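Just below is one structure, and these are the notes that go with it.
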Amino acid sequence: MTQATLQVQELTHDFGDRRALDGVSFEVRPGRLTGFVGANGAGKTTTMRAIVGVLAPDAGRVTFRGEPMTLDVRRRIGYMPEERGLYPKMKVAEQLVYLARILGVERATAQSRATELLETLGLTDRAHDLLHTLSLGNQQRVQVAAALIHEPDLLILDEPFSGLDPIAMETMAAHLRARAEAGVPVLFSSHQLDLVERLCDDLVLIHEGQVVAAGDARALREERAGRRYRVAVEGVAGWAPALAGMTVVEAGERATLVDLDDAADPQALLAAAQAEGPVSHFSRALPSLADLFAEVVR
Amino acid sequence: MNASRSDLIRLVAGREIAVKLRDKGFLASTLVFIAVIVIAVVVPALIEGDTPEYTVSASSEARPVAETAAALGSDGGPSLPAADITVMDTDDPAASLTDPEVAAALAIDADGGVVITARESVPGDLEELVAAASAVVTAQAVAADAGLSADQLAALTSPTAPRVELLEPKPDQPVPPELVIIIFGFMFYFTVLTFGVAIAQSVVEEKSSRVVEILVAALPIRWLLAGKVLGNTVMALGQVLLIVGAGLLGSKAIGKGEIVTQVLGVSGWFLAFFVLGFLMLACLWAVAGSLASRVEELQSTTLYMQIAVMVPFFAAILIQDESPLRVALSYFPLTAPLLMPARIATGDAAVWEPWAAMGVVALTALALVAVGARLYSGSVLNTSARTKLGGAWAAGGRG
Numbered sequence: 084m085t086q087a088t089l090q091v092q093e094l095t096h097d098f099g100d101r102r103a104l105d106g107v108s109f110e111v112r113p114g115r116l117t118g119f120v121g122a123n124g125a126g127k128t129t130t131m132r133a134i135v136g137v138l139a140p141d142a143g144r145v146t147f148r149g150e151p152m153t154l155d156v157r158r159r160i161g162y163m164p165e166e167r168g169l170y171p172k173m174k175v176a177e178q179l180v181y182l183a184r185i186l187g188v189e190r191a192t193a194q195s196r197a198t199e200l201l202e203t204l205g206l207t208d209r210a211h212d213l214l215h216t217l218s219l220g221n222q223q224r225v226q227v228a229a230a231l232i233h234e235p236d237l238l239i240l241d242e243p244f245s246g247l248d249p250i251a252m253e254t255m256a257a258h259l260r261a262r263a264e265a266g267v268p269v270l271f272s273s274h275q276l277d278l279v280e281r282l283c284d285d286l287v288l289i290h291e292g293q294v295v296a297a298g299d300a301r302a303l304r305e306e307r308a309g310r311r312y313r314v315a316v317e318g319v320a321g322w323a324p325a326l327a328g329m330t331v332v333e334a335g336e337r338a339t340l341v342d343l344d345d346a347a348d349p350q351a352l353l354a355a356a357q358a359e360g361p362v363s364h365f366s367r368a369l370p371s372l373a374d375l376f377a378e379v380v381r
Numbered sequence: 016m017n018a019s020r021s022d023l024i025r026l027v028a029g030r031e032i033a034v035k036l037r038d039k040g041f042l043a044s045t046l047v048f049i050a051v052i053v054i055a056v057v058v059p060a061l062i063e064g065d066t067p068e069y070t071v072s073a074s075s076e077a078r079p080v081a082e083t084a085a086a087l088g089s090d091g092g093p094s095l096p097a098a099d100i101t102v103m104d105t106d107d108p109a110a111s112l113t114d115p116e117v118a119a120a121l122a123i124d125a126d127g128g129v130v131i132t133a134r135e136s137v138p139g140d141l142e143e144l145v146a147a148a149s150a151v152v153t154a155q156a157v158a159a160d161a162g163l164s165a166d167q168l169a170a171l172t173s174p175t176a177p178r179v180e181l182l183e184p185k186p187d188q189p190v191p192p193e194l195v196i197i198i199f200g201f202m203f204y205f206t207v208l209t210f211g212v213a214i215a216q217s218v219v220e221e222k223s224s225r226v227v228e229i230l231v232a233a234l235p236i237r238w239l240l241a242g243k244v245l246g247n248t249v250m251a252l253g254q255v256l257l258i259v260g261a262g263l264l265g266s267k268a269i270g271k272g273e274i275v276t277q278v279l280g281v282s283g284w285f286l287a288f289f290v291l292g293f294l295m296l297a298c299l300w301a302v303a304g305s306l307a308s309r310v311e312e313l314q315s316t317t318l319y320m321q322i323a324v325m326v327p328f329f330a331a332i333l334i335q336d337e338s339p340l341r342v343a344l345s346y347f348p349l350t351a352p353l354l355m356p357a358r359i360a361t362g363d364a365a366v367w368e369p370w371a372a373m374g375v376v377a378l379t380a381l382a383l384v385a386v387g388a389r390l391y392s393g394s395v396l397n398t399s400a401r402t403k404l405g406g407a408w409a410a411g412g413r414g
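In the order they appear, the protein sequences are chains A and B. Heads up: the first sequence begins at 84 in my numbering, then just goes up one per residue. Heads up: the second sequence begins at 16 in my numbering, then just goes up one per residue.
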């Protein structure tokens with residue numbers, strides 16, 4: 084167990100007679116981007132609110148570096164709430180400095196960090212404008228700055244990418260990556276599955292208040308890959324071999340997808356392909372995150 | 016980077032103050048209030064400062080009356096108005112009025128009565144002085160006919176006034192205490208409402224913009240509440256001190272130092288009760304804010320708070336005569352902050368009474384702060400809809 088790991092253990096919470104969280108457990112490891120994926124109402128926001136201490140769960144516990152989430156631990160979190168949260172009628176830079184000081188940063192340090200962050204986010208010329216005069220995308224960037232202003236030891240971001248244009252999205256992704264590489268565990272939720280797939284090292288899939296899959300993103304996909312293979316033979320389009328124990332799922336222009344029975348040997352497929360011509364691709368086909376998600380939610 | 020409670024509360028309070036100081040509406044209303052107070056103090060003093068001057072023409076028969084009126088005007092004692100009257104002779108009273116300087120002409124008619132002729136109206140104080148002078152002249156004439164000596168005559172026309180002896184004299188006060196009570200009452204009403212609503216607004220603003228989630232993740236809810244209450248209490252007290260100060264400086268500037276002495280004498284109690292009364296209600300104002308989820312809902316959630324501020328104000332203004340009701344209200348926590356200092360101002364409260372009432376208010380404040388903090392904790396994070404009191408109470412107990 085690495086030092087700076089966030090552990091969520093058996094979180095359970097009811098809203099009235101509806102169970103929002105049902106024994107939610109997972110961990111967020113340092114130096115890794117962890118994507119938190121689930122349908123609307125699956126329990127992502129409730130879990131994140133429980134982690135940062137905005138909501139007291141009915142049962143379960145959260146620890147960081149093995150310690151319970153006391154106030155001093157919570158103050159080292161960079162948190163971006165789902166519905167955002169900044170003062171609309173306060174100036175951008177002033178607002179960042181205020182939040183930084185609430186989080187224990189000295190005034191001078193807070194000022195220089197705010198300047199620095201606004202510069203990285205391309206908002207230097209808006210530093211002295213009131214927040215509500217900024218476009219939604221720019222407000223979102225300020226929100227990111229607010230989560231990073233105290234150089235947190237842990238990042239909990241609820242939908243940080245929603246509402247961002249593609250350029251801002253890339254900037255944000257680079258930011259998160261940089262923080263993760265600096266050793267900060269990063270947990271973020273998103274509906275954009277392709278983005279999560281591309282960005283995340285680890286995944287947590289939640290469905291109706293229960294974690295249905297959690298861990299290394301690639302391992303999870305491999306785990307659920309089954310015995311589907313992708314094979315491409317150079318110069319041959321729409322190859323559809325008829326082999327015992329194998330079913331052609333798709334015979335496409337560039338590759339053929341084949342499902343193998345438990346007894347079938349993938350090497351037999353490879354040999355058949357080689358007999359057809361030079362093999363340019365042969366691999367186990369991993370399900371995309373969208374496939375995984377659809378399977379889990381079903 | 017550890018959390019220091021006092022630093023964080025101060026930070027939150029500092030933001031509340033900074034926001035208010037930049038609120039143009041607030042600054043404008045404060046300036047208007049100060050201007051009203053200064054005008055109210057200075058203008059009456061300037062108006063009453065001048066003794067009116069009149070020029071009166073008199074026929075030779077009426078001359079003694081005119082001269083007596085002038086004498087009475089310059090020093091006629093407290094019951095007669097002061098006026099500076101210049102007498103000039105005339106043969107034709109009506110003609111003398113063509114001179115715009117002449118305010119009135121005096122003559123004696125065939126029955127020996129005094130006739131005052133004027134253009135449109137006779138100034139009230141001039142008419143009063145002439146009437147008094149006429150009575151004095153008539154009495155002198157009658158006394159002379161009866162052969163009275165000069166001393167006897169003097170005794171007749173200016174009899175010795177009765178000597179007044181008071182067993183429980185009230186201090187000589189340049190401003191009626193009733194007026195002091197109304198001014199303080201109005202100022203408190205205005206200030207408590209301004210800053211009470213400011214607390215509620217600040218809470219609902221954080222709620223509707225969801226900043227509260229970030230704040231609550233970083234500091235305990237009660238510290239946040241304490242910072243808000245502290246910031247607004249400082250501002251409220253500051254505004255009251257500014258207004259009282261402006262009024263007192265105005266009085267001093269126009270040479271009415273005795274007003275300063277009188278007001279300073281009672282303002283200590285007024286201010287002490289004000290701070291305590293404000294603190295007593297402050298957390299409940301925050302609750303009124305946190306029960307709403309949007310600014311639009313404040314009108315209904317703050318309704319009871321507005322009543323809680325209005326009732327003491329009207330009670331203090333309307334119940335100014337000492338009665339069992341007034342005594343009772345001066346101990347009732349909501350009305351005590353105004354009515355106890357009011358009883359002190361009118362000299363009706365014994366020395367120990369304000370201390371007792373202050374104890375009652377302080378205990379109530381402690382209870383209401385605890386209740387308010389719990390309700391605030393239980394409702395401030397519920398951003399989805401208006402929160403019911405019962406739900407807030409239950410949720411506050413868990414937090």
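We put the CB at the ideal spot given by N, CA and C, even for glycine. Since the model is a prediction, treat every value here as computed from it, not as a measurement.
Below-8 Å beta-carbon distance, residue i vs any chain B residue
{"i": "Ala263 (chain A)", "result": "no"}
{"i": "Gly136 (chain A)", "result": "yes"}
{"i": "Ile232 (chain A)", "result": "no"}
{"i": "Met84 (chain A)", "result": "Legend: pLDDT at Met84 (chain A) = 44, less than 50; position of this residue unreliable, value from coordinates given subsequently. False, the Cβ-Cβ gap to chain B never drops below 8 Å."}
{"i": "Pro249 (chain A)", "result": "no"}
{"i": "Thr125 (chain A)", "result": "It is Ala, not Thr, that sits at residue 125 (chain A) in the sequence shown. No, Ala125 (chain A) does not count as interfacial toward chain B."}
{"i": "Ala351 (chain A)", "result": "no"}
{"i": "Arg158 (chain A)", "result": "yes"}
Bounding residues of the alpha helix (DSSP H) (the contiguous stretch that carries residue i)
{"i": "Leu288 (chain A)", "result": "Leu288 (chain A) -> not in any alpha helix (DSSP H); beta strand (DSSP E) instead, spanning Asp285 to His290."}
{"i": "Glu142 (chain B)", "result": "Gly139 to Asp160"}
{"i": "Gly298 (chain A)", "result": "Per DSSP, Gly298 (chain A) belongs to no alpha helix (DSSP H); it is in the beta strand (DSSP E), Gln293 to Asp299."}
{"i": "His258 (chain A)", "result": "Pro249 to Glu264"}
{"i": "Met152 (chain A)", "result": "Here Met152 (chain A) belongs to no alpha helix (DSSP H), and DSSP marks it neither H nor E."}
{"i": "Val376 (chain B)", "result": "Glu368 to Ser394"}
Same chain, Cβ closer than 7 Å to residue i, five either side skipped, listed in chain order
{"i": "Asp105 (chain A)", "result": "Thr95, Gly292 and Gln293"}
{"i": "Ser218 (chain A)", "result": "none"}
{"i": "Pro349 (chain A)", "result": "Tyr312 and Leu343"}
{"i": "Gly136 (chain A)", "result": "Met152 and Arg157"}
Segment limits, beta strand (DSSP E) that includes residue i
{"i": "Tyr312 (chain A)", "result": "Arg311 to Val316"}
{"i": "Ala334 (chain A)", "result": "Met329 to Ala334"}
{"i": "Thr339 (chain A)", "result": "Thr339 to Leu343"}
Per DSSP, the bridge partner or partners of residue i
{"i": "Ser272 (chain A)", "result": "A:Phe119"}
{"i": "Asp99 (chain B)", "result": "B:Glu68"}
{"i": "Lys174 (chain A)", "result": "A:Leu213"}
{"i": "Arg102 (chain A)", "result": "A:Asp97"}
{"i": "Asp141 (chain A)", "result": "Paired residue(s): none; Asp141 (chain A) is not in a bridge."}
{"i": "Val129 (chain B)", "result": "B:Ile123"}
{"i": "Gly161 (chain A)", "result": "A:Leu238"}
{"i": "Phe365 (chain A)", "result": "A:Val314"}
6 Å CB neighbourhood of residue i in its chain, flanking five on each side removed
{"i": "Gly391 (chain B)", "result": "With the sequence shown as reference, residue 391 (chain B) is identified as Tyr, and Gly is not the correct amino acid for it. Closer than 6 Å at Cβ, skipping near neighbours: Leu240, Ala301, Val302 and Ser305."}
{"i": "Val314 (chain A)", "result": "Thr339, Ala356 and Phe365"}
{"i": "Met329 (chain A)", "result": "Val341, Leu343 and Ala347"}
{"i": "Ala320 (chain A)", "result": "Glu336"}
{"i": "Arg389 (chain B)", "result": "Gly411"}
Cut-off 8 Å between Cβ atoms - residues of its own chain near residue i, not counting five sequence neighbours on either side
{"i": "Glu317 (chain A)", "result": "Gly360, Pro361, Val362 and Ser363"}
{"i": "Leu369 (chain A)", "result": "Arg301, Arg304, Glu305 and Ala308"}
{"i": "Ile322 (chain B)", "result": "none"}
{"i": "Glu378 (chain A)", "result": "Arg307 and Pro370"}
Minimum Cβ-Cβ distance from residue i to chain A less than 8 Å
{"i": "Ser224 (chain B)", "result": "yes"}
{"i": "Val56 (chain B)", "result": "no"}
{"i": "Ile229 (chain B)", "result": "yes"}
{"i": "Arg30 (chain B)", "result": "yes"}
{"i": "Ala232 (chain B)", "result": "yes"}
{"i": "Leu26 (chain B)", "result": "yes"}
Touch test, the region 235-255 of chain A against the region 154-169 of chain A, Cβ-Cβ under 8 Å, three pairs minimum: With the cut-off at 8 Å, the region 235-255 of chain A and the region 154-169 of chain A touch.
Count Cβ pairs between the region 234-251 of chain B and the region 290-306 of chain B that sit closer than 8 Å; are there 3 or more? Yes, since at least three Cβ pairs between the region 234-251 of chain B and the region 290-306 of chain B fall closer than 8 Å, the two stretches touch.
Should the region 223-237 of chain B be called in touch with the region 399-410 of chain B, which here means at least 3 C-beta pairs below 8 Å? No, the region 223-237 of chain B is not in contact with the region 399-410 of chain B.
The region 101-114 of chain B in contact with the region 153-161 of chain B per 3-pair CB rule at 8 Å: Contact fails: fewer than three Cβ-Cβ distances are below 8 Å.
Decide if the region 362-372 of chain B is in contact with the region 203-211 of chain B; the criterion is three or more beta carbon pairs, one per stretch, under 8 Å apart. In short, these stretches do not touch, since the Cβ pair count stays below three.
May I ask you to verify whether the region 269-276 of chain B touches the region 213-227 of chain B, counting CB pairs closer than 8 Å and requiring at least 3? No, because fewer than three Cβ pairs between the region 269-276 of chain B and the region 213-227 of chain B fall closer than 8 Å, the two stretches do not touch.
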